[in-house]
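This note's numbering applies: residue 990 is where the sequence shown begins, and numbers increase by one.
Every residue, glycine too, gets a C-beta built ideally from N, C-alpha and C.
Notes follow once the structure below has been shown.
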Amino acid sequence: PMAIPPSYVDLGKSARDIFNKGYGLVISNLCFLLGEEFTTSGSSNTDTGKVNGSLETKYKWAEYGLTFTEKWNTDNTLGTEIAIEDQIAKGLKLTFDTTFSPNTGKKSGKIKSAYKRECLNLGCDVDFDFAGPAIHGSAVFGYEGWLAGYQMTFDSAKSKLTRNNFSVGYKTGDFQLHTNVNDGSEFGGSIYQKVSDSLETAVNLAWTAGSNSTRFGIAAKYKLDSTASISVSVKLTLSALIDGKSINAGGHKLGLGLELEA
């Protein structure tokens, strides 16, 4: 049978994880008690010194495909999520998600729907706001490793599309290629390669139309053993400002930025 493609937000995720995960101190714990699942996690940003923590309680009623989740984090934001999966139709998941911040009184609500079948992954979310709901839609099609996706957001308050993204990629067991165009102005691409059971590598390239700025990055993750790993990331930014009306007159600007993270 054909594989179920990933959701749009997970396209290129393997490469992004090599760049974004494993550079701070993260501690997490998962335990089960009387049918409930408890997850605690904490992280520390070595640059800012900020420490974040979260607690999640999940209860699954497998007979009816129901999952109840309660969340809390150190920003004192409370969240409740109710999900039902594979009951109305095979591959269909419906979720009602709410958050509340007692400190600010801010509330939010979202209804999510996802439908996954062979070669197809669809998503539609409605984000409720006082100004008017925002509708988020996405679709990913897959065939023999090839992937094509589209993502959009319609802001009903402004009556216009505020996000219009396309993506094309290729995925096999140990190799992934991903390209994307966001709003017709941001272009990006990434390559992920699992060299061995211990070594993973990633390359990332991005540029924005009209800015003359190109960003290039190389990252690698080496697994020392089952409990420890080393991550290294090198990011290069190139910028250019050229006066097309006076090429020979000088005054052009070139910029180079290098960032090393381990």
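Residue burial classification, residue i (beta-carbon count within 10 angstroms, cutoff 16)
i: Leu1150; result: exposed
i: Pro1091; result: exposed
i: Val1184; result: exposed
i: Gln1254; result: Not covered by the structure: residue 1254. The range shown for the chain is 990 to 1251.
i: Ser1156; result: buried
i: Tyr1048; result: exposed
i: Ala1229; result: Any reading at Ala1229 must be qualified, since the residue scores a pLDDT of 48, below 50, and its modelled position is unreliable; the value itself is stated next. The residue is exposed, with fewer than 16 neighbouring Cβ atoms inside 10 Å.
i: Ala1123; result: buried
i: Leu1166; result: buried
i: Asp999; result: exposed
i: Gly1138; result: buried
Residue closest to residue i, alpha-carbon to alpha-carbon, out of the options
i: Gly1126; options: Leu1166, Gly1206, Thr1056, Tyr1104; result: Tyr1104
i: Ala1146; options: Asn1171, Asp1118, Asp1114, Ile1100; result: Asp1118
i: Ala1191; options: Phe1008, Asp999, Trp1061, Pro995; result: Phe1008
i: Ile1208; options: Asp999, Ser1003, Leu1044, Ser996; result: Contrary to the premise, residue 1208 reads as Ala rather than Ile in this sequence. Comparing Cα-Cα distances from Ala1208 to each of Asp999, Ser1003, Leu1044, Ser996, the minimum goes to Ser1003.
i: Phe1164; options: Leu1000, Glu1175, Ile1180; result: Ile1180
i: Thr1142; options: Trp1135, Leu1136, Ala1128; result: Ala1128
i: Lys1010; options: Glu1189, Phe1205, Trp1196; result: Glu1189
i: Pro994; options: Asn1169, Ser1148, Trp1135, Leu1166; result: Trp1135
i: Glu1026; options: Lys1101, Thr1056, Glu1107; result: Thr1056
8 Å contact criterion, which residue i and residue j should meet: CB distance rounded
i: Thr1058; j: Glu1074; result: With a Cβ gap of about 13 Å, Thr1058 and Glu1074 do not count as contacting.
i: Ser1030; j: Gly1112; result: In fact, because the Cβ distance is near 25 Å, the residues do not count as touching under 8 Å.
i: Thr1087; j: Ala1072; result: Contact flag wrong, Cβ pair sits at about 12 Å.
i: Lys1099; j: Val1115; result: 7 Å
Problem set entry | Minimum length 3: unbroken beta strand (DSSP E) runs contained in the segment 1091-1116 | Listed in chain order, the beta strand (DSSP E) elements of length 3 or more contained wholly in the segment 1091-1116 are 1095-1106.
Exercise. Are three or more beta carbon pairs between the segment 1055-1069 and the segment 1087-1102 nearer than 8 Å?
Worked result: Touching, yes.
For this session: May I have a chain-ordered list of the beta strand (DSSP E) segments no shorter than 3 residues that lie completely inside the segment 1140-1225?
Result: As for any beta strand (DSSP E) of minimum length 3 sitting wholly inside the segment 1140-1225, the runs are 1149-1160, 1164-1171, 1175-1183, 1188-1197, 1202-1212, ordered along the chain.
Exercise. What are the complete beta strand (DSSP E) segments, minimum 3 residues, inside the segment 1027-1090?
Worked result: Segments of the beta strand (DSSP E) lying fully in the segment 1027-1090: 1040-1050, 1055-1062, 1067-1074, 1081-1090.
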